[in-house]
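Participant: One structure coming up, written as structure tokens, with questions to follow.
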Amino acid sequence: MITNTLISNQLSDDAYAWYRAYLQAVDDRNIDAYAVNLADGISIQFNNDDPIVGKAAVVAMLGGYWQGFASLEHELLNIYGTDQAFVLEALNHYVRHDGKPVTTRAVAFTDRNEDGLVTSVRVYADVSPVFAD
0 MITNTLISNQ LSDDAYAWYR AYLQAVDDRN IDAYAVNLAD GISIQFNNDD
50 PIVGKAAVVA MLGGYWQGFA SLEHELLNIY GTDQAFVLEA LNHYVRHDGK
100 PVTTRAVAFT DRNEDGLVTS VRVYADVSPV FAD
């Protein structure tokens, strides 16, 4: 479930509804619901890692990554930009497989094409506490 504590939101109502559904697919770890939003040439990059390019590669990577924790909930703080190019500031509330809750601050830049499909995502967050021993 997405927590809405938005301070600023510059998206249209339609784009905001789409983005909430997109993030809900992430929180539900529903890779099929997430994948329908991606352009074939999607590029996703986490911090300084090399980008993962291509829908199949992104789906494979995220499908594995999402198995690394028990749950995730986005708490939306600010969304700046346009319906095609925007940035989200959020608190991401994870629950690890050992039951320990971990919250990280994250920023995600998202670009969409004229068909509304995601072409690029750049995520900046320190998720190391989620996977720490």
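Following numbering that gives the first Met the number 0, the residues of the sequence shown are numbered contiguously, the last one being 132.
The C-beta atom is built at its ideal place from N, Cα and C for all residues, glycine as well.
Given a threshold of 16 other Cβ atoms within 10 Å of its Cβ, counted over all protein chains shown, does Asn91 qualify as buried or as exposed?
Facilitator: Residue environment for Asn91: buried (at least 16 other C-beta atoms within 10 angstroms of its C-beta).
Participant: Which whole runs of the alpha helix (DSSP H) in the segment 59-132 are 4 residues long or more, in chain order?
Facilitator: Inside the segment 59-132, DSSP marks whole alpha helix (DSSP H) runs of 4 or more residues at positions 127-130, from first to last along the chain.
Participant: Among Asn112, Val129, Tyr93, Thr81, whose alpha-carbon lies nearest the alpha-carbon of Ile1?
Facilitator: Tyr93
Participant: Within the continuous alpha helix (DSSP H) that includes Asp13, where are the two ends?
Facilitator: 12-26
Participant: How would you write the range of the alpha helix (DSSP H) that Tyr31 sits in, first residue to last?
Facilitator: Here the sequence assigns Asp to residue 31, which means Tyr is not the residue at that position. From DSSP, the alpha helix (DSSP H) with Asp31 extends over 30-34.
Participant: Could you name the residues of the same chain whose beta carbon sits closer than 8 Å to that of Gln9, not counting the 5 residues immediately before and after it, in chain order?
Facilitator: Ile78, Tyr79, Gly80, Thr81, Phe85
Participant: Taking Asn3 as part of the beta strand (DSSP E), name the residues at either end of that continuous run.
Facilitator: 2-8
Participant: Taking Arg121 as the reference, which of Phe45, Asp13, Leu76 has the closest Cα?
Facilitator: Phe45
Participant: Please identify the residue among Asp110, Val35, Leu71 whose C-alpha is closest to the C-alpha of Ala55.
Facilitator: Selected option, being the one with the closest Cα: Val35.
Participant: Thinking C-beta only, is Ala38 closer than 9 Å to Leu116?
Facilitator: Contact flag set, yes.
Participant: With distances taken Cα to Cα, identify the nearest neighbour of Gly62 among Leu71, Arg28, Asp114.
Facilitator: Arg28
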